[in-house]
Amino acid sequence: KAGVTQTPRYLIKTRGQQVTLSCSPISGHRSVSWYQQTPGQGLQFLFEYFSETQRNKGNFPGRFSGRQFSNSRSEMNVSTLELGDSALYLCASSFTGATEAFFGQGTRLTVV
Amino acid sequence: GIQVEQSPPDLILQEGANSTLRCNFSDSVNNLQWFHQNPWGQLINLFYIPSGTKQNGRLSATTVATERYSLLYISSSQTTDSGVYFCAVEQEGAGNMLTFGGGTRLMVKP
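From first to last, the protein sequence lines are chains A and B.
Be aware that the first sequence starts at 962, since it is given in our numbering, and climbs by one per residue.
Be aware that the second sequence starts at 4, since it is given in our numbering, and climbs by one per residue.
Here is the structure:
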């Protein structure tokens, strides 16, 4: 069965631009979570979607948003990019909450 | 929120040696997972182990939920075991949100 797919794998954007990242979960999984990994802050939770509803949100500014579609695919959007948004963004899927999470390969975003 | 601490932060081993990585957490958890992050950044699942002991080849893990810690054992280490190992927990009542430890960076020398 196919794993979690994230696109694109690499992205370079300019300060002030916006970006959209995509995540396709494992077939049958309804929960999709997003995480940001930076050398300084480690791995931090952004938000979680389940059945098209945001269930949980981490401590990030409103520039970070997301959504989930009826097929469980999720997108994450960052508006007005800042240099500090440069990071590896990881998506995880799980069947429901409190079950094993599986991660995609990540999208490496560089803001210049 | 819950605190997750991993030790040691860095570990250098000679190929063939054994090692134990530790994960301490500050509150009750529904879920605990161990991951290995490969050089390309992907988190590879090692164990889903909210409690008890599991083994998979040269790797095994034990979680003692009542004492709030988990251990990852690597036996007969190989150079391909190098990388960063993360422990992640889902706090009870916190929804489907994993809190990660800072990781243990392992280097296995030939």
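All C-beta atoms, glycine included, are put in the ideal place defined by N, C-alpha and C.
It should be emphasised that the depicted structure is a prediction, and the values quoted were computed from it without experimental measurement.
For this session: Kindly list, in the order they appear in chain B, the residues whose Cβ is closer than 7 Å to that of Ala-1062 (chain A).
Result: Mapped onto the first sequence, residue 1062 (chain A) falls at position 101. Ordered by position in chain B, the residues that pass the 7 Å Cβ test against Ala-1062 (chain A) are Gln-36 and Leu-101.
Exercise. Between the stretch 982–993 of chain A and the stretch 10–17 of chain B, do three or more beta carbon pairs fall short of 8 Å?
Worked result: Fewer than three beta-carbon pairs drawn from the stretch 982–993 of chain A and the stretch 10–17 of chain B are found closer than 8 Å, and the two stretches are therefore not classed as touching.
Exercise. The stretch 1038–1058 of chain A: which residues have C-beta closer than 7 Å to a C-beta of chain B, in chain order?
Worked result: Here the close residues are Leu-1049, Leu-1051, Ser-1055 and Gly-1058.
Exercise. On the three-pair Cβ rule with 8 Å, is the stretch 93–101 of chain B touching the stretch 1010–1028 of chain A?
Worked result: Yes, the stretch 93–101 of chain B touches the stretch 1010–1028 of chain A.
Problem set entry | N- and C-terminal bounds of the beta strand (DSSP E) containing Val-993 (chain A) | Along the first sequence, one-based indexing puts residue 993 (chain A) at 32. Run containing Val-993 (chain A): 992–999, per the beta strand (DSSP E) assignment.
Exercise. What residues match up with Leu-1049 (chain A) in a beta bridge as DSSP calls it?
Worked result: For the purposes of this step, residue 1049 (chain A) is identified with residue 88 of the first sequence, where counting begins at 1. Paired residue(s): A:Gln-998 and A:Arg-1069.
Exercise. Near Met-110 (chain B), which residues of its chain fall below 6 Å by C-beta distance, leaving aside the five closest residues on each side in sequence?
Worked result: Taking the first residue of the second sequence as 1, we reach residue 110 (chain B) at position 107. Counting only residues of its own chain and dropping the five nearest sequence neighbours on each side, Met-110 (chain B) has a CB closer than 6 Å to the CB of Ile-15 and Ser-85.
Exercise. Where does the unbroken beta strand (DSSP E) through Ser-10 (chain B) begin, and where does it stop?
Worked result: On the second sequence, position 7 is the one that residue 10 (chain B) refers to. 7–10 is the span of the beta strand (DSSP E), which, as asked, contains Ser-10 (chain B).
For this session: Would you check if the distance between the CB atom of Phe-1021 (chain A) and the CB atom of Leu-1042 (chain A) is smaller than 8 Å?
Result: Within the first sequence, residue 1021 (chain A) is the residue found at index 60, counting from 1. Within the first sequence, residue 1042 (chain A) is the residue found at index 81, counting from 1. Against a cut-off of 8 Å, the Cβ pair of Leu-1042 (chain A) and Phe-1021 (chain A) comes out as no contact.
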